[in-house]
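**Student:** So for the sequence shown, this note's numbering puts the first residue at 9; every next one is plus one. A virtual CB, placed ideally from N, CA and C, is assigned to each residue, including glycine. Sharing a structure, written as structure tokens. Questions coming.
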Amino acid sequence: MATTITKPETLVGKRIRRREDPRLITGTATYVDDIKMPGMHYATIVRSPHAAARIRSINTKKAAAHKGVIAVFTGKDTQKVGPVPCGASLPGLRVPHHHILAMDRVYFAGHPVAVVVATDRYVAADAADLIEVDWDVLPAVADPEKALAKGAPAVHPEWPDNVAFNYHQEGGNVEKAFSEADVVVKQRITSQRLIPTAMETRGVVADWRPADRQLNLYSSTQIPHLMRTLVAQMLGLEENRLRVVAPEVGGGFGSKLNVYAEEALMGFVAMKIQQPVKWIESRRENFLCTIHGRGHVDHYEVAAKRDGTILGIKLHIIQDLGAYHQLLTPAIPTLSVLMMPGLYKTQNVRADIVGVFTNCVPTDAYRGAGRPEATHGIERMVDVLAAELKMDPAEIRLKNFVTKEQFPFPTATGLTYDSGDYAAPLKKALDIVDYQNLRNEQAQARKQGKLMGIGMSTYGEICAFGPSPATPAGGWESATVKIDPTGKVTVMTGASPHGQGEETTFAQIAADELGVNIDDILVLHGDTAVVQYGIGTFGSRSTAVGGTAVYFALQDLKAKIKKFGAMLLGSDDVSFSGGQVICNKTGKSKSIQEIAAASYRAMKLPPNTEPGLISTHFWEPPNFTFPFGAHIVVTDVDRDTGAVAVRRYVAVDDCGNILNPLIVDGQIHGGVAQGLGQALWEQAVYDDNGQLVTGELMDYAVPKAHMMPRIESDHTTTPTSVNPLGVKGVGEAGTIGCSPAVVNSVVDALAPLGVKHLDMPMTPETIWKLIARSKS
9 MATTITKPET LVGKRIRRRE DPRLITGTAT YVDDIKMPGM HYATIVRSPH
59 AAARIRSINT KKAAAHKGVI AVFTGKDTQK VGPVPCGASL PGLRVPHHHI
109 LAMDRVYFAG HPVAVVVATD RYVAADAADL IEVDWDVLPA VADPEKALAK
159 GAPAVHPEWP DNVAFNYHQE GGNVEKAFSE ADVVVKQRIT SQRLIPTAME
209 TRGVVADWRP ADRQLNLYSS TQIPHLMRTL VAQMLGLEEN RLRVVAPEVG
259 GGFGSKLNVY AEEALMGFVA MKIQQPVKWI ESRRENFLCT IHGRGHVDHY
309 EVAAKRDGTI LGIKLHIIQD LGAYHQLLTP AIPTLSVLMM PGLYKTQNVR
359 ADIVGVFTNC VPTDAYRGAG RPEATHGIER MVDVLAAELK MDPAEIRLKN
409 FVTKEQFPFP TATGLTYDSG DYAAPLKKAL DIVDYQNLRN EQAQARKQGK
459 LMGIGMSTYG EICAFGPSPA TPAGGWESAT VKIDPTGKVT VMTGASPHGQ
509 GEETTFAQIA ADELGVNIDD ILVLHGDTAV VQYGIGTFGS RSTAVGGTAV
559 YFALQDLKAK IKKFGAMLLG SDDVSFSGGQ VICNKTGKSK SIQEIAAASY
609 RAMKLPPNTE PGLISTHFWE PPNFTFPFGA HIVVTDVDRD TGAVAVRRYV
659 AVDDCGNILN PLIVDGQIHG GVAQGLGQAL WEQAVYDDNG QLVTGELMDY
709 AVPKAHMMPR IESDHTTTPT SVNPLGVKGV GEAGTIGCSP AVVNSVVDAL
759 APLGVKHLDM PMTPETIWKL IARSKS
């Protein structure tokens, strides 16, 4: 008898609540610090109070004799452990040897010097205070521009200066473009150091099992498989003897896209004491020792015709690297170079980077990683140019956009933009704010002496990292999908989510492709003993690369399901729909549950087919994807205090096809929060001695919920052809689009006072001084 199949409603594209959230909001999720083991010991790391100093001696006797202390280790004990890895490579790059514990010299305040292991974390902390270090304090340099000056203190004395690398890239004919220009505008623009400030600080639990020669490492990381590879190398351990587990990860924003000294150090300690050991980073340590982001000083020149046509761009970047390279440190500013043209069609660009060592914690990837700096720079320069030419900021952007007929578009920096309609989100945002009436309102406000600003930014970004030749660690991602004998589905992804919602979106993809209930799908990740090797989660790649790997694994699995279904139905003329294999001649069908059971228990198998329903797929994208968008911000500046109020925030983003609008909007909101933080409040400040002045949450101004404006979020949709899902990536879009829009708005508000540029953060004090100066 024929079976009527009703195709289920698709889940992709629906606003489905995140399946991860119940355990997070009820406090039942397991983070690193929730892990408890019999015989657990606790570690406290002794860190340098100085930014630059020689270690004359370390006396650990009092600490070692303290009750409850199991062991104390210094750099002499760990010197055979391999260096903290730098995964980026540039011509002529200077890479200092980065010991996990300092040997005879420290290079930044917070540099690890020793570790105390005790039966209790408070005992370990008390004993750490008993360690005596005889310091020879040296001059330090914490400012990258000062570090380049003649006679500056040498961060690494083995080299004659503080330059880690020079990098040059250009395209087109820059000199010709500038010679033909009617106007050239110049501006120094900074992107200040920022502290990622994930809600969960870093943490490690290491458990060495000598009988099995097995080290289990639980770490709050974005890259468990890469961590396994690199930590195994550092410890001289066979990789198959190391298991890395990323349990619940409470935010990363790129800061956990690293292998730090502490991961290898805890592995070393556990192997030495042959007991489990836990280290949890304090917030003070987090600010001092986890990577910072940004740290740019950019010098821009833009050449243009009198009608606003941009002819060429010159950019000189001074990148504050800090004292060492972390995993991607030298590569981050090169991403700024790649995206320096923004959405504009100019084919004449020249960029130079000088990477500078300073006596500060290293910089590395922080939400956006080089792309916010690039967008902030070019979007500020477009506004500077518009002001010089007395053109409307929207008009000059629309004039210079790559047109939709030009895609795929080869840029002057060597990229190929995949697809786009750059005018569409800007026009939509202008319509939402009723732009012309808004300008009329501003004109009336100015007559009344009010400081009202309207600012915009348009952005594009590199996402879906990305073809392996263009990445330091491989650009593919992996997925395994298996169906057990009862028909339940497990998806194992090499991505490692920490807020992106992959447990939901990947289940949506699988539910639609297999025609099963989403509640019958389990998504696993983050355990190198369970999940096939993967690259991890960063660079807005999770769905565009990891989700595509899931999609292709599902296609392979569906082909196998059809083979088993055909065998059970006695016909090769079958189709698969709604979780059923259907005989096209008779209409008879077999459910996925029946087929799954038969695949494991059948005495007979289809030709050239193995038992069971399981498929693994590794997928590498042929190109990056390039989402884009437009943000418009309306601000009011208080003349008496200099305080900025964001009256209205409109974000129109194009991330290709949207699998879950609820998750996408959440990503935009989170990104905007961090963009606002950079624009208005956040800055990692070092004094001249290399001391971090903003080393606590009392001093480092992270925006709170009540400080956020209402975000009006909308979208245009331009699918990519890079992957079959048509998705581009969205996790960093809000951060990239936000800060230049806010700065442009505040500069616009202050334009009647003669203000042409402001660096971030635009604090009330800074603005108040400008207002006071204008009065005098």
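On a Cα-Cα basis, can you pick out the residue from ALA749, VAL693, SER729 that is closest to GLY664?
**Tutor:** Looking at the Cα atoms, SER729 is the closest of the given residues.
**Student:** Looking at the strands, I want to know which residues DSSP matches up with PHE785.
**Tutor:** An answer regarding residue 785 cannot be provided, because it is not within the stretch 9 to 784 covered by the chain.
**Student:** Applying the criterion that 16 or more other CB atoms from any shown protein chain within 10 Å of the CB defines a buried residue, is TRP689 buried or exposed?
**Tutor:** Buried is the call here.
**Student:** Keeping to the same chain, check which residues put their C-beta closer than 7 Å to that of ILE404; ignore five residues upstream and five downstream.
**Tutor:** Cβ neighbours of ILE404 beyond the five flanking positions: GLY316, VAL390, LEU393, ALA394.
**Student:** Judging by CA-CA distance, which residue of ALA60, GLY258, ILE139 is the nearest neighbour of HIS74?
**Tutor:** Among ALA60, GLY258, ILE139, the Cα nearest to that of HIS74 belongs to ILE139.
**Student:** Report the three-state DSSP secondary structure of ILE13 (helix, strand or coil).
**Tutor:** Residue confidence is low: ILE13 scores 48 on pLDDT, short of 50, so the model does not pin down where it sits. Its coordinate-derived value is still stated next. Here ILE13 sits in coil by DSSP.
**Student:** Which same chain residues end up closer than 7 Å to ILE13 when comparing Cβ atoms and leaving out the 5 residues on each side of it in sequence?
**Tutor:** Confidence is the limiting factor: at ILE13 the pLDDT is only 48, short of 50, which leaves the residue's position unreliable and the question unanswerable from this model.
**Student:** What whole-angstrom Cβ distance do PHE186 and VAL192 have, given they're in contact under 8 Å?
**Tutor:** With 8 Å as the limit, PHE186 and VAL192 qualify as a contact, their Cβ atoms being about 6 Å apart.
**Student:** Please report the Cβ distance between LEU265 and PHE546, rounded to the nearest whole angstrom; I am assuming they are in contact, meaning their Cβ atoms lie under 8 Å.
**Tutor:** Their Cβ separation, rounded to whole angstroms, is 5 Å, which keeps LEU265 and PHE546 in contact under 8 Å.
**Student:** Within the region 596-684, note down every full alpha helix (DSSP H) run reaching 4 residues or more, in order along the chain.
**Tutor:** Whole alpha helix (DSSP H) segments, 4+ residues: 600-609, 669-684.
**Student:** Closest Cβ-Cβ distance between VAL114 and chain D: below 7 Å?
**Tutor:** In the displayed structure, chain D is absent; only one protein chain is listed.
**Student:** Pull up the CB-CB distance for GLY463 and VAL750, whole angstroms please, since I reckon it's below 8 Å.
**Tutor:** At roughly 6 Å, the Cβ-Cβ gap stays under 8 Å, so GLY463 and VAL750 are in contact.
**Student:** Taking 7 Å as the limit between beta carbons, can you name the residues of its chain near THR411, skipping five residues before and five after?
**Tutor:** Taken in chain order, the list of residues that qualify is empty.
**Student:** Under DSSP, the alpha helix (DSSP H) around ILE340 begins and ends at which residues?
**Tutor:** Run containing ILE340: 340-346, per the alpha helix (DSSP H) assignment.
**Student:** Which residue or residues does DSSP assign as beta-bridge partners of MET500?
**Tutor:** DSSP output for MET500 lists THR488, LEU532 as bridge partner(s).
**Student:** Let me check understanding here. Comparing Cα to Cα, which of ASN697, SER623, GLY495, LEU700 lies closest to ILE600?
**Tutor:** With distances taken between Cα atoms, ILE600 lies closest to GLY495.
**Student:** What is the DSSP secondary structure of VAL131, reduced to helix, strand or coil?
**Tutor:** Helix at VAL131.
**Student:** According to DSSP, VAL253 sits in a beta bridge with which residue or residues?
**Tutor:** VAL253 is bridged to TYR226, ASP535.
**Student:** Express the C-alpha separation of VAL369 and ILE569 in angstroms, rounding to a whole number.
**Tutor:** Using only the alpha carbons, I get a separation of about 53 Å.
**Student:** Find the nearest neighbour of ASP442 within the set TYR430, ALA278, ARG656, judged by alpha-carbon distance.
**Tutor:** The candidate whose alpha carbon is nearest that of ASP442 is ARG656.
**Student:** Do GLY474 and LEU351 have their CB atoms nearer than 7 Å?
**Tutor:** Going by C-beta atoms, GLY474 is not nearer than 7 Å to LEU351.
**Student:** Do ALA155 and ASN174 have their CB atoms nearer than 7 Å?
**Tutor:** Against a cut-off of 7 Å, the Cβ pair of ASN174 and ALA155 comes out as no contact.
**Student:** Any idea if PRO284 is buried or exposed, counting beta-carbon neighbours within 10 angstroms, 16 or more meaning buried?
**Tutor:** It counts as buried.
**Student:** List the endpoints of the continuous alpha helix (DSSP H) containing GLU449.
**Tutor:** Looking at the DSSP string, the run of the alpha helix (DSSP H) that includes GLU449 is 443-455.
**Student:** Measure the alpha-carbon distance for THR11 versus LYS593 and round it to whole angstroms.
**Tutor:** Because THR11 carries a pLDDT of 46, less than 50, the predicted location of this residue cannot be relied on, and the following value inherits that uncertainty. If I take the Cα positions, the gap works out to 12 Å.
**Student:** Are the beta-carbon atoms of ILE491 and LEU621 separated by less than 7 Å?
**Tutor:** Their beta carbons are under 7 Å apart, which means ILE491 touches LEU621 by this criterion.
**Student:** Distance, Cα to Cα, VAL499 vs GLY523?
**Tutor:** Approximately 15 Å between the Cα atoms of the pair.
**Student:** According to DSSP, LYS194 sits in a beta bridge with which residue or residues?
**Tutor:** Beta-bridge pairing links LYS194 to GLU309.
**Student:** Quick one: give me the first and last residue of the beta strand (DSSP E) that ASN592 is part of.
**Tutor:** Premise fails: ASN592 is in no beta strand (DSSP E) and is neither H nor E.
**Student:** In or out: ARG375 buried (at least 16 other Cβ within 10 Å) or exposed?
**Tutor:** Buried.
**Student:** Assuming the contact rule is C-beta atoms closer than 8 Å, GLY461 and VAL754 should be a hit. Round their C-beta distance to whole Å, please.
**Tutor:** Confirmed, Cβ separation roughly 5 Å.
**Student:** Am I right that VAL125 and ILE281 are in contact with their C-beta atoms under 8 Å? What's the rounded C-beta distance?
**Tutor:** Indeed they touch by this definition, with Cβ atoms about 6 Å apart.
**Student:** Any contact of the region 80-87 with the region 118-132, i.e. 3+ C-beta pairs under 8 Å?
**Tutor:** With a cut-off of 8 Å, the region 118-132 and the region 80-87 count as touching, because enough Cβ pairs lie within range.
**Student:** Which runs of the beta strand (DSSP E) spanning at least 3 residues fall entirely within the region 350-422, listed in chain order?
**Tutor:** Entirely contained in the region 350-422, the beta strand (DSSP E) runs reaching 3 residues are, in chain order, 357-365.
**Student:** Enumerate, from N- to C-terminal direction, the unbroken alpha helix (DSSP H) stretches of 4 or more residues contained entirely within the region 39-105.
**Tutor:** Within the region 39-105, the complete alpha helix (DSSP H) runs of at least 4 residues are 69-73, 83-86.
**Student:** For my contact list, HIS233 and TYR608 are in at a C-beta cut-off of 8 Å; report their separation, rounded to the angstrom.
**Tutor:** Between TYR608 and HIS233 the Cβ distance is about 29 Å, and since that is not below 8 Å, they are no contact.
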